[in-house]
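Protein chains in written order, with the numbering used here: chain A, 302 to 546; chain B, 521 to 738. We put the CB at the ideal spot given by N, CA and C, even for glycine. Report on the structure given below.
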């Protein structure tokens, strides 16, 4: 049930047309974890040219949650420490697989119950946070000159400077989050993001058992000509779903 | 139809092709400008008919003589109505390169969802304005440096050294055409190369290019 404590969420990931035609698996992954000390949401996009990128994306989701578990216990731990934990935990998750062949983007949002908040992005995609007051923020991109399908990620980046991060103070009821892989985010109209968040709260209500299927169906019918990518999107609401009139 | 259609851009992701065409006075000789016009027209019509592939090919044409001018703003190939270029004047290649770099760096014109652009420079002479600064933008510019580049040197008077500087830092090549007939061969090659990209799994990957000698242009 995607409602726990102060958080509710809904997400879905579907194979893109290219992988459907090829008969290959979805290389995106997402995960939400709500525990007593933290809430974490992760979206990852395995790089299409790498053999085990789907595995790498799923491993990255697990790695962020494992890193969050440790980091949330350590009051005052730095952002850099969390990022190093994610890299290390991801490497552990890969076992004997090569990091290069498991390369994946990694986008996360982490909020601890002791009042720390952090948005992180390595590679392309979207992390978008809207405040209950109506203000919004996007994790700033470190590489504004990229074209589509050019990205970095775990297994590619050799320096923590490749990450974009934004530290936050405590959230308020009505704040909400949207995260997506580039198969979705590159096609979104920027000034319709808030409208999409409002739409999601109504069309995919987290308390409905059918919302995940409805969201997946809408993603499969992605209304962009000649689209190919896997598609993953995640919405999360702190407190009420925050639909604005 | 998806319920998400009001939140996304429905058009296919663009694959931009930008042509810089020398229309200086020397291009009026030996049927070169006529061949260039026919070749450009055939290429654009071929792009417009490209129904397969993951990207939609967009085209811009910049002509340069006494000054450089954006003759065809970047737009889907199927929307282009190309008027014949006429030759006359000097060779303001530096100005053309500046316009191109501005265009590539502009994320309003080339949004992030674009595939990496291909820039094609065609000239039969030496630049008559400063090209040092503009060329540097293709070697160090955030996006311009990533563009795929090809160049065609027409005849013996073309400044091949300068064209090599333009394609350097990309996997591009400088091809040579001895006469007007070979201009068409070059543009057929450009057409094939771009069409191959649109049909590939990742249009950002440049297909293997033949060496200049293999193109039968010499």
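Under the DSSP assignment, residue 578/B falls in the beta strand (DSSP E) whose first and last residues are 575–584. Comparing alpha-carbon positions, the option among 615/B, 626/B, 688/B and 619/B lying closest to residue 586/B turns out to be 615/B.
Scanning chain A for C-beta atoms nearer than 9 Å to the C-beta of residue 530/B yields 488, 524, 525 and 526, reported in chain order. Chain B has no Cβ within less than 8 Å of the Cβ of residue 327/A.
The Cβ-Cβ distance between residue 538/A and residue 502/A falls below 8 Å. Counting only runs of at least 4 residues, the segment 468–517 of chain A fully encloses the following alpha helix (DSSP H) elements, listed from N- to C-terminal order: 483–486 and 494–504. By the criterion of a C-beta distance shorter than 7 Å, residue 363/A is surrounded in its chain by 394, once the five residues flanking it on both sides are discounted. The straight-line gap separating the alpha-carbon atoms of residue 401/A and residue 592/B is approximately 42 Å. Residue 701/B has its alpha-carbon roughly 23 Å from the corresponding atom of residue 568/B. Taking 8 Å as the threshold, the shortest C-beta distance from residue 573/B to chain A falls below it.
For the segment 560–586 of chain B, the beta-carbon criterion of a distance under 8 Å to any beta-carbon of chain A is satisfied by 573, 574, 575 and 576. The criterion of a C-beta distance shorter than 8 Å is satisfied by residue 345/A and residue 408/A. Against chain A, the beta carbon of residue 695/B has no neighbour under 7 Å; the closest one sits roughly 25 Å away. With a threshold of 8 Å between beta carbons, residue 677/B makes no contact with chain A.
Residue 647/B places its beta carbon 8 Å or farther from that of residue 622/B.
Contact check for residue 530/A against residue 317/A passes: the beta carbons are separated by less than 8 Å. Residue 666/B has a beta carbon lying within less than 8 Å of a beta carbon in chain A. Here residue 390/A is buried, its C-beta having at least 16 other C-beta atoms within 10 Å.
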